[in-house]
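J.: Handing you this structure, nothing more for now.
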Amino acid sequence: MTDTMPQSLAADIVPSYVCGAWWTPPQGTTGTSIRDTSTGAEIARVSSEGLDTARVIEYARTVGRDGLGALTIHQRALKLKELALYLNEHKQSLYDLSMANGATKGDCFFDVDGGIGVLFTMSSKGRRELPNSNVIIDGAVEPMSKDGSFIGEHIYSRIPGVTVEINAFNFPVWGMLEKFAPAFVAGVPSIVKPATPTSNITAACVKLIIDSGILPEGSLQLIAGSARDLLDHLDYRDMVTFTGSKATADRLRQHPNVQEGGVRFTAEADSLNAAILGSDVTPEAPEFPTFIRAVANEMQVKAGQKCTAIRRVIVPHALVEPVVDALAARLAEKVTVGDPRVEGTTMGALASFEQLRDVRAAVDSLVAAGGQIAYGSNAWDAEQRGAFLSPVVLKWDDNRVEALHSTEAFGPVTSVLGYDTVAEAVELAAMGDGSLVATVCSYDMGEAGELARGIAGYHGRIHMLNRDNARTSTGHGAPLPTLVHGGPGRAGGGEELGGVRGIKHYMQRTAIQGTPDLLTAVTGQWHRGAAQNRVGDPAFGGTPEGENGAIHPFRKSLETLQIGDAFVSGLRQATEQEITDFANTTGDVFYAHTDPVAAAVNPFFPGIVAHGYLLVSWAAGLFVAPGRSAVYANYGMENLRFITPVGIDDSIRVELTAKRITPRETEDYGEVVWDALLLNQNEEIVATYDVLTLVAKREEQALGGENTAQ
Ligand code: NAP
5 MTDTMPQSLA
15 ADIVPSYVCG
25 AWWTPPQGTT
35 GTSIRDTSTG
45 AEIARVSSEG
55 LDTARVIEYA
65 RTVGRDGLGA
75 LTIHQRALKL
85 KELALYLNEH
95 KQSLYDLSMA
105 NGATKGDCFF
115 DVDGGIGVLF
125 TMSSKGRREL
135 PNSNVIIDGA
145 VEPMSKDGSF
155 IGEHIYSRIP
165 GVTVEINAFN
175 FPVWGMLEKF
185 APAFVAGVPS
195 IVKPATPTSN
205 ITAACVKLII
215 DSGILPEGSL
225 QLIAGSARDL
235 LDHLDYRDMV
245 TFTGSKATAD
255 RLRQHPNVQE
265 GGVRFTAEAD
275 SLNAAILGSD
285 VTPEAPEFPT
295 FIRAVANEMQ
305 VKAGQKCTAI
315 RRVIVPHALV
325 EPVVDALAAR
335 LAEKVTVGDP
345 RVEGTTMGAL
355 ASFEQLRDVR
365 AAVDSLVAAG
375 GQIAYGSNAW
385 DAEQRGAFLS
395 PVVLKWDDNR
405 VEALHSTEAF
415 GPVTSVLGYD
425 TVAEAVELAA
435 MGDGSLVATV
445 CSYDMGEAGE
455 LARGIAGYHG
465 RIHMLNRDNA
475 RTSTGHGAPL
485 PTLVHGGPGR
495 AGGGEELGGV
505 RGIKHYMQRT
515 AIQGTPDLLT
525 AVTGQWHRGA
535 AQNRVGDPAF
545 GGTPEGENGA
555 IHPFRKSLET
565 LQIGDAFVSG
575 LRQATEQEIT
585 DFANTTGDVF
595 YAHTDPVAAA
605 VNPFFPGIVA
615 HGYLLVSWAA
625 GLFVAPGRSA
635 VYANYGMENL
645 RFITPVGIDD
655 SIRVELTAKR
665 ITPRETEDYG
675 EVVWDALLLN
685 QNEEIVATYD
695 VLTLVAKREE
705 QALGGENTAQ
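Take the sequence shown: its letter number 541 is residue 545 in the numbering used here, and every next letter is one higher.
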């Protein structure tokens, strides 16, 4: 092994990055050729022959996991942002290699910038929506005993092994980063196995990442080459995230380590995605050209080599010919096939010559099954030497032919078929046996809703398109990091991305049962009923401020504030005059606060009651510390529930407890969530909620060293 990557990346064997060094197979290994798909020239060779895969996995399990485990979720997420900025600066080399693989500039943007975009999104989501620790609480606490001493909840923690990411050839950069990013935030080391035909591009991206020096060692390894023994060394601790054809997914699922060994296996496979044109749309409607643009675009981008591309265009019978004609006109106007490095090219070659052969064979089989080529040609111009294919539009007399709904021609190929009723359109879309995405294009809200509800169970994503979002839509074929990508049935049955869901896919959910103190110890978040350090009114167990060094928790910075630090107030009575004044000053004259007769008839109130927002305001007046404090701002409130009404002459008191403390990695403050509990004079719960605040990290920042009771 070597410390540096061989310089001749573009003309030699594509190296792997394993166990902290660049590795190439023994001298004399032939490997598989990677060709410039426009010129046919060999540009690299790939082989993993002789690689000790078991050692690579062990390295991830030890060095990789240790490095990742030393950081918190926020620290890892921040590294992703750093990495995204670095790759943004250095992406031109990836564009250059991608163009030799038939990608136009727009295709490069989709793959390279799309991948970098996932890093940014996962970084931001991880820091904004997850705690700065390594345990995520999932959902609410479940009370399981009357006295509150036995409670339960769910937590997520990282899976104990590694993730092996087997990727398809069509997105060498995005395909890697969209899996690596969430796994990294979760704290799970990635071993990336790109598809052979574009592994040189993935390797170049990994080289940039390693050169950046941003990641902890062992968190990302690359195996370039076929690595057919990869699954042999995995066990129940590990996960395989596969992207590729259904055939390969089915084969890998049969591996004994998946079948019997408990390896977690998730697949993103192929899909006969549909686009449905609503029966309300006429050729004159604004939706018609919008729909045609969407379909043509999906054929052109990446030369139709997208798992999400539209393979079946389902339109009202009467519109089959107009749609075919409009599609043909659009493709003729917009698509110029050729070498992406040549000015004017708008669609490049397919990603390999094998791919060209497979797509042409698939088109031949569709024609044999009854498809008629209405636009384009399946012929290959050998003189051009590249893996070029024109866009092909097929139309069908029989919309039920099995091949139409099952043969994926993974290139610039689509079929147009007719339907009679909304129910038939749904049925036809469902004949894909489970798809990644469908577009529904209609301006009839009733029909659009019916179509979407009808096909939702067969799809992972539905893209609803009409004149109102024609300009702003990100398009049918673009999986978004904030939304789930994946689909049922043939599409693989897997799920990726979807914001922080994508991170949780690399974590194990565990139910935890115990006392509030035990759950607090496990999660680092205070649970109601757990130990508190109570400052405030002695009548309710508080130590008065200043006595025995007691400090109001608002006066503590993140240096000294602990979860469980609490302020308990005394009681405060509600008077009719105050309720009336609040009604008059705010204009909230709802009868329950102003009309004793009407209020008494209401089944929930004994008579006039205080406004809920008045109670919340009184609570703030009760818990806020007078004078300077370490709290910078109150930025909101969550989970507010009013439970027992407060009538005239009732009293309330508040208990405010530091529940969750999240220092921000890049700021001199952090977030503190406070559990607020309002009780009445009978100790009944009046209201509960979380108060969200920003608190200084250091005492002198906010208090200038005045950390004493005012
Ligand atoms: P593929 O032939 O199924 O290969 C996918 C990956 O599996 C490649 O990295 C391949 O490596 C690897 N592989 C094959 N057999 C293996 C084995 N026994 N052990 C370990 N790895 C193995 O698919 P492809 O031709 O690269 O990609 C095109 C297909 O992917 C299309 O059908 C497309 O619809 C689908 N796709 C789906 C999504 C999605 O998100 N759902 C995204 C993109 C593409 P080698 O290249 O070294 O053989």
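We put the CB at the ideal spot given by N, CA and C, even for glycine.
None of these values were measured; they are calculated from a predicted model.
#1: In terms of residues, what are the limits of the beta strand (DSSP E) holding residue 108?
#2: Does DSSP put residue 529 in a helix, in a strand, or in coil?
#3: Would you say the beta carbon of residue 412 is closer than 7 angstroms to some non-hydrogen atom of the ligand NAP?
#4: What does the alpha-carbon distance come out to for the pair residue 461 and residue 696?
#5: Consider the C-beta atom of residue 241 and the heavy atoms of the ligand NAP; say whether any pair is separated by less than 7 angstroms.
#6: Is residue 63 near residue 216, with beta carbons less than 8 angstroms apart?
#7: So residue 474 and residue 556 are supposed to be a Cβ contact under 8 angstroms. How far apart are they, rounded?
#8: Beta carbon of residue 111: closer than 7 angstroms to some heavy atom of the ligand NAP?
#9: With H, G and I counted as helix, E and B as strand and the rest as coil, what does DSSP make of residue 702?
#10: Which residue from 98, 634, 149 puts its Cα closest to that of residue 176?
#11: Hey, out of 363, 331, 482, whose CA is closest to residue 379's CA?
#12: First and last residue of the beta strand (DSSP E) that includes residue 36?
#13: Would you say the beta carbon of residue 257 is closer than 7 angstroms to some non-hydrogen atom of the ligand MN?
#14: In this structure, does DSSP put residue 31 in helix, strand or coil?
#15: Between 690, 666, 692, which has its C-alpha nearest residue 79's C-alpha?
#16: Going by C-alpha to C-alpha distance, which of 603, 577, 564, 617 sits closest to residue 589?
#17: Which residues in the same chain as residue 77 place their Cβ atom closer than 7 angstroms to its Cβ, once the five residues preceding and following it in sequence are excluded?
#18: Figure out for me which residue from 624, 688, 95, 105 has the closest Cα to the Cα of residue 118.
#19: Three or more beta-carbon pairs under 8 angstroms between the segment 507-525 and the segment 477-488, yes or no?
#20: Should the segment 635-654 be regarded as contacting the segment 576-587, the criterion being three or more beta carbon pairs within less than 8 angstroms?
#21: With DSSP collapsed to three states, give me the class of residue 2.
#22: Helix or strand or just coil, what does DSSP make of residue 500?
#23: If you follow the alpha helix (DSSP H) that residue 70 is part of, which residue opens it and which one closes it?
#24: Regarding residue 330 and the ligand NAP, is the C-beta to nearest heavy atom distance less than 7 angstroms?
#25: Let me confirm a value: residue 13 is counted as buried when at least 16 other C-beta atoms fall within 10 Å, else exposed. Which label applies?
#26: Which residue's Cα is closest to the Cα of residue 425: 310, 564, 454?
#27: Assuming residue 85 and residue 124 form a contact by the criterion Cβ under 8 angstroms, report the distance between their Cβ atoms to the nearest whole angstrom.
#28: Closer than 7 angstroms to a non-hydrogen atom of the ligand NAP - does that hold for the CB of residue 508?
#29: Are the segment 353-360 and the segment 102-119 touching by the rule of at least three beta carbon pairs closer than 8 angstroms?
#30: Are the beta-carbon atoms of residue 360 and residue 393 separated by less than 8 angstroms?
#31: Just mark residue 148 as buried or exposed, buried being the case when its beta carbon has 16 or more other beta carbons within 10 Å.
#32: Select from 318, 336, 468 the residue whose C-alpha is nearest the C-alpha of residue 423.
#33: Using 10 angstroms around the beta-carbon of residue 15, count the other beta-carbons present and answer buried if the total reaches 16, otherwise exposed.
#34: Can you list, in chain order, the residues of its chain with a C-beta nearer than 8 angstroms to that of residue 406? Leave out the 5 residues immediately preceding and following it.
#35: Would you list, in sequence order, the uninterrupted alpha helix (DSSP H) runs of no fewer than 4 residues that lie entirely inside the segment 199-275?
T.: According to the structure shown:
#1: No beta strand (DSSP E) contains residue 108, which DSSP labels as neither H nor E.
#2: coil
#3: yes
#4: 38 angstroms
#5: no
#6: no
#7: 56 angstroms between Cβ atoms; not a contact.
#8: no
#9: coil
#10: 98
#11: 331
#12: 36-39
#13: Ligands in the displayed structure: the ligand NAP; the ligand MN is not one of them.
#14: coil
#15: 666
#16: 617
#17: 130, 134, 135, 136, 137, 138, 189
#18: 95
#19: no
#20: yes
#21: Here the chain comprises residues numbered 5 to 714, so residue 2 is not present and cannot be evaluated.
#22: strand
#23: 69-73
#24: no
#25: Residue confidence for residue 13 is low, a pLDDT of 41 falling below 50, so the modelled location carries little weight; the figure read from the coordinates is stated next. Buried, by the Cβ-count rule.
#26: 454
#27: 6 angstroms
#28: no
#29: yes
#30: yes
#31: exposed
#32: 318
#33: Confidence at residue 15 is low in this model, with a pLDDT of 46, below 50, so its placement is unreliable and the value that follows should be read with caution. Per the 10 Å Cβ criterion, exposed.
#34: 373
#35: 203-216, 250-257, 260-263
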